[in-house]
Amino acid sequence: MNKILTILIIGAILLGSTRIISNSNFNSLTPPKNSDVKSLIIHNVPFAAQAALGNWEDERQADGCEEASTLMAMMWIKNFNLTKEEAKTMIIKISDYEKNTYGSYVDTSIEDSAKRIIEGYFGYKNYKLIYDFDLQTLINKIYDGNIIILPVNGNKLANPHFRIPGPVKHMLVLVGYDPETKKFITNDPGTKFGQQYKYDEQHLYDVIKNYQTTNHNESLTDKSAILLKKYIF
4 MNKILTILII
14 GAILLGSTRI
24 ISNSNFNSLT
34 PPKNSDVKSL
44 IIHNVPFAAQ
54 AALGNWEDER
64 QADGCEEAST
74 LMAMMWIKNF
84 NLTKEEAKTM
94 IIKISDYEKN
104 TYGSYVDTSI
114 EDSAKRIIEG
124 YFGYKNYKLI
134 YDFDLQTLIN
144 KIYDGNIIIL
154 PVNGNKLANP
164 HFRIPGPVKH
174 MLVLVGYDPE
184 TKKFITNDPG
194 TKFGQQYKYD
204 EQHLYDVIKN
214 YQTTNHNESL
224 TDKSAILLKK
234 YIF
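Note that this note's numbering has the sequence shown beginning at 4, numbered continuously upward.
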C-alpha cells in the first residue's frame, strides 16, 4: 500500500512539473497579441498637382487645390490613373463646371467641395463629412481604409516648395500614415513635389481649418474633412 502511494505521489510531482515546463515554454514562445501595433500604410492614390503642367498663370489652376484634391480622390475610387495632361484637362473642366453652375470656382469649402464637385460633377454620394475630430481619429480612419480630404491653412504648413507665404486656403488629400516617424502622408496638389509628401502628424493636425466659399476671404473655421472609401460606409 505504501509502495503504491509513493508511486502515485512521484507521478503527481512529475506530471505537475511537466505541466509547469509546458506552460512556461508556451508563454515564452508565443508573443502577446497587440492589436494597437500599426505598420506603415499608404493608399495608392493617383497624384495631380493643381498646376499639373506648371501653368500658374491660369487662375483655374492657381486656385485649383480643391479641384485637384477631389479629382485625386475620385480617380482612386474609380481605380483610374492620371497623366499630367489628363489632370490639367480635368481640373479646368471641373473649374468651368463650378463657374457655370455656381458662379465661382474659387476657395470652395469642404462642404461645397463635397456637394458641388464630388456629388455634383462626379455624381458620387458615398462620402462622409466629419467635424471636430482629434488627431487619433484621423489615424484610425486611414487604417480603416479611408482617404481623407482636408482643408488646411497652407500659410502655416511651412512647405518649402510653396511660393512664400503660401495659400491661407488650401486643400490636400491624406493618403497614409507612418507610425515610426509619426508623419502623415499626403498628396498635396500645391506643388509638383506633393506626391506622398510627409507632414509631422501634430503639425498637420494643428493647421486643419475649414474655410468659407468666398474669393480669398481669409476667415477660417472648424476642423472638417471628407472621408471616402472604396465601398459603402
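By construction, the Cβ of each residue, glycine as well, lies at the ideal position given by its N, Cα and C atoms.
Since the structure is predicted, the reported quantities are computational estimates derived from the model, not experimental observations.
Own chain, CB closer than 6 Å to residue i, minus 5 neighbours either side, in chain order
i, result
"ARG63", "ILE95, SER98"
"PRO170", "GLY157"
"GLU69", "THR111, SER116, MET174"
"ASN84", "PRO49"
"LYS172", "ASP110, TYR214"
"ALA71", "ALA51, GLN53, ILE94, PRO192"
"TYR100", "TYR124"
Distance between residue j and residue i (C-alpha atoms, nearest Å)
i, j, result
"ASP115", "LYS144", "22 Å"
"LEU230", "ILE188", "15 Å"
"ILE167", "TRP79", "31 Å"
"SER107", "ASP61", "15 Å"
"LEU56", "THR92", "10 Å"
"LYS226", "LYS81", "27 Å"
"ALA54", "THR194", "8 Å"
"ASP181", "LEU207", "13 Å"
"LEU138", "LYS128", "25 Å"
"ILE121", "THR73", "7 Å"
"TYR146", "LYS131", "16 Å"
"THR224", "LYS212", "6 Å"
"PHE242", "PHE165", "For residue 242 there is no data in the structure shown, the boundaries of the chain being 4 and 236."
"VAL176", "THR217", "21 Å"
"LYS232", "PRO163", "31 Å"
"LYS41", "THR86", "32 Å"
"VAL178", "THR140", "14 Å"
"ILE113", "PHE136", "15 Å"
"ILE142", "TYR234", "19 Å"
CA nearest to the CA of residue i, picked from the options
i, options, result
"ILE152", "TYR134, GLN205, GLU101", "TYR134"
"LEU43", "TYR200, LYS232, GLU183", "GLU183"
"ILE46", "GLN199, PHE136, LEU138", "A small fix is needed here, since residue 46 is His in this sequence, not Ile. Closest option to HIS46, Cα to Cα, is GLN199."
"ALA228", "ASP61, ASN149, TYR108", "ASN149"
"LYS159", "ALA76, VAL210, TYR234", "VAL210"
"GLY126", "ALA71, MET77, PHE196, GLY179", "MET77"
"THR104", "LEU85, THR86, TYR124, ILE113", "TYR124"
"MET75", "ILE142, THR140, PRO192, LYS41", "PRO192"
Counted within 10 angstroms of its Cβ, other Cβ atoms place residue i as buried (16 or more) or exposed
i, result
"ASP203", "exposed"
"ARG119", "buried"
"ALA51", "buried"
"PRO49", "buried"
"ASP66", "buried"
"ALA161", "exposed"
"ASN190", "buried"
"TYR214", "buried"
"PRO154", "buried"
Sheet register partners of residue i (DSSP bridge)
i, result
"ASN156", "LYS172"
"LEU1", "With the chain running from 4 to 236 in the structure shown, residue 1 is simply not present."
"LEU177", "ILE151, THR189"
"LYS201", "ILE188"
"ALA214", "Looking at the sequence itself, residue 214 is Tyr, so the reference to Ala does not match. TYR214 pairs with LEU223."
Same chain only: Cβ atoms within 7 Å of residue i, ignoring 5 sequence neighbours per side
i, result
"LYS186", "LYS201, TYR202, ASP203, GLU204"
"SER25", "Because SER25 carries a pLDDT of 30, less than 50, the predicted location of this residue cannot be relied on, and no value is offered for it."
"LYS102", "TYR108"
Beta-carbon contacts of residue i that lie in its chain and below 8 Å, excluding the five residues immediately before and after
i, result
"ASN58", "GLN64, LYS91"
"GLU88", "ALA55, LEU56"
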